[in-house]
Amino acid sequence: RDDIVGVLQIINARGEDGQISPFLDEDRQVIRHFGISAAVALERAQITRTIFLRMIRMAELRDPKETGPHVSRVAAYATEIYKVYASRRQISSREVERQVDVLRSAAMLHDVGKVGISDNILKKPARLTPEEYDAMKQHTLIGTRLFSDARSEIDEAAAVVTVSHHERWDGAGYPEGKSGEGIHLFGRVVAIADVYDALSSRRSYKEAWDEDRVLAELRDNAGSQFDAGLVGDFLSIHDLIKSIRSRYPDPD
3 RDDIVGVLQI INARGEDGQI SPFLDEDRQV IRHFGISAAV ALERAQITRT
53 IFLRMIRMAE LRDPKETGPH VSRVAAYATE IYKVYASRRQ ISSREVERQV
103 DVLRSAAMLH DVGKVGISDN ILKKPARLTP EEYDAMKQHT LIGTRLFSDA
153 RSEIDEAAAV VTVSHHERWD GAGYPEGKSG EGIHLFGRVV AIADVYDALS
203 SRRSYKEAWD EDRVLAELRD NAGSQFDAGL VGDFLSIHDL IKSIRSRYPD
253 PD
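Each residue of the sequence shown is one higher than the last, beginning at 3 in the working numbering.
In structure tokens:
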């Protein structure tokens, strides 16, 4: 559509003697082909991101709890937890930047599988029965199936996060009963972010917990439900976490 997707600046061509010289015709051809390839790659990335945002919107329309602020908070919490983890592990800044972008997108889609859950369960204004809860658990498997033909790093991360964010460190979670480091890092991170936000938020069947009670719950379940090291990372940036919550308030 002749839209501009980016600008490529090529300056200061140098000859074999190392001196600045004009670009040759063959240089211009190579640059032109490179620019076309870069534009195609950028357009594909934009399309992928647009599709992801539409999936998030679809999940929000299906599930009243899956609001834009909720998924934005979970994604922001998760990326900040990961940054502390990465700092402890001395992971390179370039790798951290790349992984943060991937994790942010995947975390925003953690509950997208709920699009396949019945409205009678999804929108029930009370606690679920054991049978309904078992049906609700299927959202993890539905979510990962949406990305079963993953063709990008973000797709792969979304497949992992959707299926693993309800696993527990002690193996008592679902759907696969994985434990410890057998649970993907992104799943362990999003589990903490999601539970913190759920407990801190009002639901049709409960009021929001006060902050001290939420933090006590995380501490009490470190090493059983959650990765204790990641809980420590979360607690070390608690002030930042609170600022994120105020940045993405729930609608009245």
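Glycine included, C-beta positions come from ideal geometry on N, C-alpha and C.
The C-beta distance from residue 163 to residue 189 rounds to 6 angstroms, short enough to fall under 8 angstroms. Along the segment 74-143, the beta strand (DSSP E) does not occur as any fully enclosed run of 3 or more residues.
The continuous stretches of alpha helix (DSSP H) do not include residue 21, and DSSP gives it neither H nor E. Taking C-beta separations shorter than 8 angstroms and ignoring five residues to either side along the sequence, the partners of residue 207 in its chain run 127, 128, 129, following chain order. Taking 9 angstroms as the cut-off, the beta carbon of residue 143 is found closer than this to the beta carbon of residue 115. In this structure, residue 111 keeps its C-beta atom at 9 angstroms or more from the C-beta atom of residue 36.
When the beta-carbon positions are compared, residue 201 and residue 210 come within less than 9 angstroms of each other. Residue environment analysis places residue 135 among the exposed positions, since fewer than 16 neighbouring C-beta atoms fall within 10 angstroms of its C-beta.
Residue pairing by DSSP puts residue 224 in a beta bridge opposite 228.
Within its own chain, the residues whose Cβ lies closer than 7 angstroms to the Cβ of residue 64, once the five positions on either side in sequence are excluded, are 116, 117, 124, listed in chain order.
In the DSSP assignment, no residue is bridged to residue 147. Under DSSP, the beta-bridge partners assigned to residue 208 are 205. Sequence-distant partners of residue 224 (beyond 5 residues in either direction) whose C-beta falls short of 6 angstroms from its own C-beta, in its chain, are 230, 233. In the DSSP assignment, residue 245 falls within the alpha helix (DSSP H) that extends over 240-249. In this model, residue 27 and residue 33 are separated by some 10 angstroms (Cα to Cα). DSSP places residue 45 in the helix class (H, G or I) of the three-state scheme.
If you draw a straight line from the Cα of residue 105 to the Cα of residue 89, it comes to about 16 angstroms. In the three-state DSSP reduction, residue 156 falls in the helix class (H, G or I). For a cut-off of 8 angstroms, the C-beta gap from residue 49 to residue 107 is around 13 angstroms, too long to register as a contact. Using a Cβ distance threshold of 9 angstroms, residue 214 and residue 76 do not count as a contacting pair. Within 10 angstroms of the beta-carbon of residue 227 lie 16 or more other beta-carbons, which makes it buried. Measuring C-alpha to C-alpha distances from residue 237 to each of 84, 41, 14 identifies 84 as the nearest. Ranked by Cα distance from residue 40, the first of 57, 25, 7, 58 is 7.
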